[in-house]
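Residue numbers (my numbering): 88 to 510. No residue lacks a Cβ here, since even glycine has one placed at the ideal position from N, Cα and C. Note that the structure is predicted; figures quoted are calculated from it, not measured. Have a look at the structure below before the remarks.
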Ligand SMILES: NC(=O)c1ccc[n+]([C@@H]2O[C@H](COP(=O)([O-])OP(=O)(O)OC[C@H]3O[C@@H](n4cnc5c(N)ncnc54)[C@H](O)[C@@H]3O)[C@@H](O)[C@H]2O)c1
């Protein structure tokens, strides 16, 4: 928002985050964002605070982007951060402004929040709510924010729409589509998009399971499917499946909300998608056992990748970290390397061992696993890595590597959904 020319005040209840941001330090890894933070701070148009009073006095538009994680005891979304944010801000609002929800929420949440807001704001303050779901992808957050593929505006008045058009004047001038909806549709666009993306990934991973049974190659299958323009190849890469802080919890919250609305059957297929996704993780563990030819107890396993995807240090529901910890619990000595996520992984799993490089993770390994498709792993030299390992056995959970040079260097290369002899 600072980059788009606005004066911005960032508010968070986490004082450590606020002071780190004010000092120009990002609390997470995101390519290109640190430069924007630095530029914003230098411009004097970007500041951070823990004070809701300061925010209430400052903002014409308040974006509400707090977390909506999965509830501890169910698949539903925990909305307590949203309630906390609205409850803290609303009574302090003394002048007309627009509160814009960006968090991913179950359909009906925005309508409930609008009522809550109306109860809490001082009378006659002219405060309104809009819902504007966020579609950015971690690892591409900067580009996705400055030039999104579409902007969805859930509004209840022409003035709310006009304010959002003003906020997004720059991307709108560049031709970014602007879809105006009611609150529930705006909320549903976001969860429907994630449900579709999860389905696409799980579909190709279901095909990978069948390929494994039929001794066929899911990689070539996916390539051939992608030429059909009705199917397309984007977002349909076979491998270890999806994870992170969004897709898994969003499809579970979607199922829970649909059931509450009496439409559970319509999205019951998502349970299958979730199960296919989880099965890829156990299949990866099996593949590692197959490669070493027996139990992994006491064996050295090198793990490349811990983040749920490349260009991120996010380990929330990370398939890579899940596989690494599963191997550790089977008695394997796991040494892992990731270009960005080691600090987060170490905090969550101090029991694993960590290395500072690909060669470090590979040293003395009986088997090497590629679990996140960082470009650095694709560039690794099979000869150099081969000198470090105890056995030249590699399992590629992300179809990240070209098998030919690895095989040429004497490695046994296996990938999920591909026969042993696949080219
Ligand atoms: N991470 C993504 O790629 C992504 C993409 C699209 C949509 N979303 C959605 O955006 C929302 C936020 O996701 P996230 O990954 O950034 O979550 P997060 O948990 O990483 O960050 C949430 C932040 O909100 C702060 N917070 C909590 N309660 C607060 C309060 N009462 N007032 C002010 N700040 C408060 C937390 O301290 C934290 O800094 C979620 O609804 C998520 O589903 C995330």
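*Alpha carbon to alpha carbon, what distance is there between residue 398 and residue 453?*
On the chain shown, position 366 is the one that residue 453 refers to. On the chain shown, position 311 is the one that residue 398 refers to. Those two C-alpha atoms are separated by around 28 Å.
*Answer yes or no: the CB of residue 222 versus the heavy atoms of ligand 1, is any distance below 7 Å?*
For the purposes of this step, residue 222 is identified with residue 135 of the chain shown, where counting begins at 1. A heavy atom of ligand 1 is found nearer than 7 Å to the CB of residue 222.
*When you compare only the Cα positions, how much space is there between residue 329 and residue 246?*
Locating residue 329 in the chain shown gives position 242, where the first residue counts as 1. Locating residue 246 in the chain shown gives position 159, where the first residue counts as 1. Approximately 39 Å, taken between the alpha carbons.
*Within 7 Å: the Cβ of residue 190 and any heavy atom of ligand 2?*
With respect to ligand 2, the structure shown offers nothing to examine, as its ligands consist of ligand 1.
*With respect to 7 Å, is the separation between the Cβ of residue 100 and the closest non-hydrogen atom of ligand 1 below this value?*
Here residue 100 corresponds to residue number 13 of the chain shown, with the count starting at 1. Checking the Cβ of residue 100 against ligand 1 gives yes.
_Cβ neighbours of residue 440 in the same chain (closer than 8 Å, five flanking residues each side left out)_ = The count along the chain shown starts at 1 and reaches residue 440 at position 353. Counting only Cβ-Cβ distances below 8 Å, and skipping sequence neighbours, we find 420, 421, 422, 423.
_Expected contact under 8 Å - CB spacing of residue 108 and residue 97 to nearest Å_ = The residue given as residue 108 occupies position 21 in the chain shown. The residue given as residue 97 occupies position 10 in the chain shown. Contact holds; Cβ gap of about 6 Å.
*Can you tell which of 302, 278, 447 has its C-alpha closest to the C-alpha of residue 387?*
In the chain shown, the residue the question calls residue 387 occupies position 300. It is 447 whose Cα lies nearest to the Cα of residue 387.
_Closest residue to residue 256 among 237, 485, 272, 444 (Cα-Cα distance)_ = Along the chain shown, one-based indexing puts residue 256 at 169. It is 237.
*asked:* Quick check on DSSP: helix, strand or coil for residue 238?
replied: Locating residue 238 in the chain shown gives position 151, where the first residue counts as 1. Looking at residue 238 - three-state DSSP - the assignment turns out to be strand.
*At what residues does the beta strand (DSSP E) containing residue 387 begin and finish?*
Within the chain shown, the letter at position 300 stands for residue 387. Its beta strand (DSSP E) spans residues 387–391.
*May I have the straight-line CA-CA distance separating residue 211 from residue 186, to the nearest angstrom?*
Mapped onto the chain shown, residue 211 falls at position 124. Mapped onto the chain shown, residue 186 falls at position 99. Each residue's Cα considered, the two are about 16 Å apart.
*With a threshold of 7 Å, establish whether the CB of residue 140 neighbours any heavy atom of ligand 1.*
Walking along the chain shown from the start, residue 140 turns up at place 53. At a cut-off of 7 Å, the beta-carbon of residue 140 does not count as near ligand 1: no heavy atom of the ligand is closer than that.
_Extent of the continuous alpha helix (DSSP H) run through residue 170_ = In the chain shown, counting from the first residue as 1, residue 170 sits at position 83. Where residue 170 is concerned, the enclosing alpha helix (DSSP H) stretches over 167–176.
*N- and C-terminal bounds of the alpha helix (DSSP H) containing residue 464*: For the purposes of this step, residue 464 is taken as the residue at position 377 of the chain shown. Unbroken alpha helix (DSSP H) run through residue 464: 462–465.
_Per-residue DSSP class, three states only, for residue 290_ = Here residue 290 is taken as the residue at index 203 of the chain shown, counted from 1. Residue state, collapsed to three classes: helix.
*Ordered along the chain, which non-local residues of its own chain (more than five positions away) have a Cβ less than 7 Å from that of residue 352?*
In the chain shown, counting from the first residue as 1, residue 352 sits at position 265. Closer than 7 Å at the Cβ level, and outside the excluded window around residue 352, lies no residue.
*asked:* Using a Cβ-based criterion (distance less than 7 Å to any ligand heavy atom), does residue 175 qualify as near ligand 1?
replied: The residue labelled residue 175 in the question sits at position 88 within the chain shown. Indeed, a heavy atom of ligand 1 lies less than 7 Å from the Cβ.
*Can you tell me whether residue 92 is buried or exposed, with buried defined as 16 or more other CB within 10 angstroms of its CB?*
On the chain shown, position 5 is the one that residue 92 refers to. Under this definition residue 92 is an exposed residue.
*Between the Cα of residue 464 and those of 105, 449, 477, 478, spot the shortest distance and give me the residue it belongs to.*
Stepping through the chain shown from its first residue, residue 464 is reached at position 377. The candidate whose alpha carbon is nearest that of residue 464 is 449.
*Going along the chain, which residues of its own chain have a beta-carbon closer than 7 Å to the beta-carbon of residue 378, five neighbours each way excluded?*
Within the chain shown, the letter at position 291 stands for residue 378. Same-chain partners within the cutoff: 454, 480, 482, 499, 501.
*Taking Cβ to Cβ, would you say residue 308 is nearer than 8 Å to residue 406?*
As a working mapping, residue 308 is identified with position 221 in the chain shown. As a working mapping, residue 406 is identified with position 319 in the chain shown. Going by C-beta atoms, residue 308 is not nearer than 8 Å to residue 406.
_Cα-Cα separation, residue 415 to residue 175_ = Start at 1 with the first residue of the chain shown, and residue 415 comes out as number 328. Start at 1 with the first residue of the chain shown, and residue 175 comes out as number 88. Roughly 44 Å separates the two Cα atoms.
*Quickly, what does DSSP pair residue 483 with across the bridge? List them, please.*
If you number the chain shown from 1, residue 483 lands on position 396. DSSP output for residue 483 lists 457, 502 as bridge partner(s).
_Residue from 303, 193, 268 with nearest C-alpha to residue 508_ = Here the question's residue 508 lines up with position 421 in the chain shown. 303 is the residue among 303, 193, 268 whose C-alpha sits nearest the C-alpha of residue 508.
*For the beta strand (DSSP E) holding residue 186, just list the boundary residues, first then last.*
For this step, residue 186 is matched to residue 99 along the chain shown. 184–188 is the extent of the beta strand (DSSP E) around residue 186.
*First and last residue of the beta strand (DSSP E) that includes residue 420?*
Along the chain shown, read from residue 1 onward, the residue named residue 420 stands at position 333. That run of the beta strand (DSSP E) goes 420–424.
*If we count Cβ pairs, one from each stretch, closer than 8 Å, do we get three or more for the stretch 217–224 versus the stretch 184–201?*
Yes: the two stretches touch, three or more of their Cβ pairs being nearer than 8 Å.
*Does DSSP put residue 366 in a helix, a strand or coil?*
The residue you call residue 366 lines up with position 279 of the chain shown. If DSSP states are grouped into helix, strand and coil, residue 366 belongs with the helices.
*Check residue 495 in the structure and name its three-state DSSP category.*
On the chain shown, residue 495 is found 408 positions in, with the first residue counted as 1. In this structure, residue 495 counts as helix in the three-state DSSP scheme.
*Those runs of the alpha helix (DSSP H) which lie wholly inside the stretch 186–268 and span at least 4 residues*: For the stretch 186–268, whole alpha helix (DSSP H) runs of length 4 or above, ordered along the chain, are 196–207, 228–233, 245–254, 256–260.
*What is the rounded straight-line gap between the Cα of residue 165 and the Cα of residue 117?*
Counted from its first residue, the chain shown places residue 165 at position 78. Counted from its first residue, the chain shown places residue 117 at position 30. Between residue 165 and residue 117, the C-alpha separation is close to 25 Å.
*Is residue 356 buried or exposed, if buried means 16 or more other CB atoms sit within 10 Å of its CB?*
As a first step, residue 356 must be located in the chain shown, where it is residue number 269. That one is exposed.
*Quick one: Cα of residue 103 to Cα of residue 137, how far?*
Sequence index remark: in the chain shown, residue 103 carries index 16 (1-based). Sequence index remark: in the chain shown, residue 137 carries index 50 (1-based). Spanning the two alpha carbons is a distance of roughly 10 Å.
*Quick one: what does DSSP say residue 272 is sitting in, helix, strand or coil?*
Along the chain shown, read from residue 1 onward, the residue named residue 272 stands at position 185. Of the three classes helix, strand and coil, the one that applies to residue 272 here is helix, per DSSP.
*Look at the alpha carbon of residue 201 and the alpha carbon of residue 181, and state the distance between them as a whole number of angstroms.*
Translated into the one-based positions of the chain shown, residue 201 becomes position 114. Translated into the one-based positions of the chain shown, residue 181 becomes position 94. Residue 201 and residue 181: Cα-Cα distance of roughly 17 Å.
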